[in-house]
Amino acid sequence: MLLEARNASKTFRARRGAASVAAVSGVTLQARPGEFVAIVGESGSGKSTLARMLLGLIPATSGEIEFDGLSLGRMNRTQVRAYRTGVQAVLQDPSGSLNPRKTVERSLGEIVRLHHVASGRAAVRARVVESLNEVGLSPAEAFLDRYPQELSGGQRQRVLIARALVLSPQIIIADEAVSALDASVKAGILKLMNGLTERLGVGYVFITHDLPVVRKVAQRVYVMKDGHIVEGGSTTQIFTAAKHPYTRSLLASALTLDASSSESPRSDN
Ligand SMILES: Nc1ncnc2c1ncn2[C@@H]1O[C@H](COP(=O)(O)OP(=O)(O)OP(=O)(O)O)[C@@H](O)[C@H]1O
Ligand SMILES: [Mg+2]
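Per UniProt numbering: the sequence shown = residues 1 to 269.
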């Protein structure tokens with residue numbers, strides 16, 4: 001199983017008064033179960049656009065997005081279903097990913113029903129409880145009747161991960177999933193995500209501009225600039241022997257930031 005972009009591009013068409021934007025240009029990358037792949041790059045480099053392409057939310061202008069060797073545009077219904085459950089999104093919480101008018105049980109239960117993972121009130125609830133336990137929200141029963149605004153930021157992010165997990169995905173696309181969280185909460189969520197790789201074999205496409213986080217969790221890194229992937233390699237290779245000048249400047253500026261934030265020294269990465 002593989003999720004792949006092959007020479008994929010996305011150009012947003014010109015609107016009145018604005019030129020067209022080549023948000024993603026000729027990107028080729030692979031993500032697979034069990035592997036933590038990171039995409040880094042400055043704001044506007046095309047990371048979220050690429051994420052939305054990998055999720056099938058926007059079509060590629062040219063090139064292919066493929067799941068399990070099949071191009072997204074050319075799948076039959078069974079194949080589309082496998083892709084729709086196999087690849088899930090976990091986005092940044094403040095983007096309002098959870099409906100404030102629905103309890104945790106209802107939000108997650110709807111997805112379980114919609115995708116025919118289980119049916120019947122008890123079976124649906126059991127699946128929801130199981131995935132809340134998987135993300136460390138326990139006892140899960142205590143969270144079923146809560147509304148998003150009755151949860152902490154970290155708990156909400158865990159619920160979002162649980163919502164992806166109810167479908168037993170093979171790959172999770174996480175766009176800035178921990179960026180809004182403070183350091184200790186962030187560490188907990190990252191540990192959880194890593195654990196899911198080991199326990200359930202989930203793979204990640206992890207999008208962030210937080211380089212210390214990437215160094216800690218990723219096995220492979222792709223560096224984006226102006227819609228292009230300028231460099232890709234193992235995390236060790238990128239952090240110790242980056243070839244592209246842009247990667248080097250990105251690493252250098254991250255180091256400077258790290259050194260200047262001396263009020264919270266952290267040496268555990
Ligand atoms: N729907 C859209 N219509 C027009 N232009 C868009 C659209 N979505 C994104 N863009 C443009 O595409 C480029 C890439 O945006 P994108 O959101 O992918 O960047 P990003 O790397 O995720 O940035 P950030 O780190 O700030 O989240 C930007 O120039 C953006 O303005
Ligand atoms: Mg983005």
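Quick reminder that beta carbons are idealized off the backbone N, C-alpha and C, glycines included.
Proximity below 8 Å, CB of residue i to CB of residue j
{"i": "A31", "j": "V37", "result": "yes"}
{"i": "A242", "j": "L251", "result": "yes"}
{"i": "I111", "j": "L165", "result": "no"}
{"i": "V205", "j": "A51", "result": "yes"}
{"i": "T197", "j": "G46", "result": "no"}
{"i": "N75", "j": "A5", "result": "A quick correction: the sequence has Met, not Asn, at residue 75. Not closer than 8 Å, so no."}
{"i": "V223", "j": "V217", "result": "no"}
{"i": "F67", "j": "L144", "result": "no"}
{"i": "V202", "j": "I172", "result": "yes"}
{"i": "L181", "j": "G153", "result": "yes"}
{"i": "G86", "j": "Q170", "result": "yes"}
Whole-angstrom distance between residue j and residue i, CA atom to CA atom
{"i": "N7", "j": "V178", "result": "29 Å"}
{"i": "L72", "j": "L55", "result": "10 Å"}
{"i": "S62", "j": "A22", "result": "11 Å"}
{"i": "D175", "j": "S138", "result": "25 Å"}
{"i": "Q219", "j": "V40", "result": "13 Å"}
{"i": "N269", "j": "R127", "result": "At N269 the pLDDT is 42, less than 50, meaning the model places this residue with poor confidence; the figure from the coordinates comes in the next sentence. Approximately 35 Å, taken between the alpha carbons."}
{"i": "E150", "j": "K10", "result": "38 Å"}
{"i": "S249", "j": "H209", "result": "13 Å"}
{"i": "T103", "j": "Y147", "result": "4 Å"}
{"i": "T236", "j": "L114", "result": "41 Å"}
{"i": "residue 270", "j": "I58", "result": "Nothing about residue 270 can be read from this structure; the chain reaches only from 1 to 269."}
{"i": "L98", "j": "Q88", "result": "15 Å"}
{"i": "R163", "j": "G195", "result": "17 Å"}
Three-state class that DSSP yields for residue i in the structure shown
{"i": "Y246", "result": "helix"}
{"i": "V80", "result": "helix"}
{"i": "R15", "result": "strand"}
{"i": "N7", "result": "strand"}
{"i": "S267", "result": "Its pLDDT being 44, under 50, S267 is placed unreliably by the model, and the measurement read from it follows with that caveat. Here S267 sits in coil by DSSP."}
{"i": "A174", "result": "strand"}
{"i": "S234", "result": "strand"}
{"i": "R125", "result": "helix"}
{"i": "E42", "result": "coil"}
{"i": "M224", "result": "strand"}
{"i": "Q149", "result": "helix"}
Open item on the list: Taking contact to mean 3 or more Cβ pairs, one atom from each stretch, closer than 8 Å, check whether the segment 107 to 115 and the segment 188 to 197 are in contact.
Closed with: no
Task: Closer than 5 Å to ligand 1: residues, by C-beta to nearest heavy atom, in chain order - done: Those residues, listed in chain order, are F12, V21, A23, S43, G44, S45, G46, K47, S48 and T49.
TODO: Say whether the segment 83 to 102 touches the segment 156 to 163, bearing in mind that this needs 3 or more beta-carbon pairs closer than 8 Å, one atom from each stretch.
DONE: They touch, by the three-pair rule.
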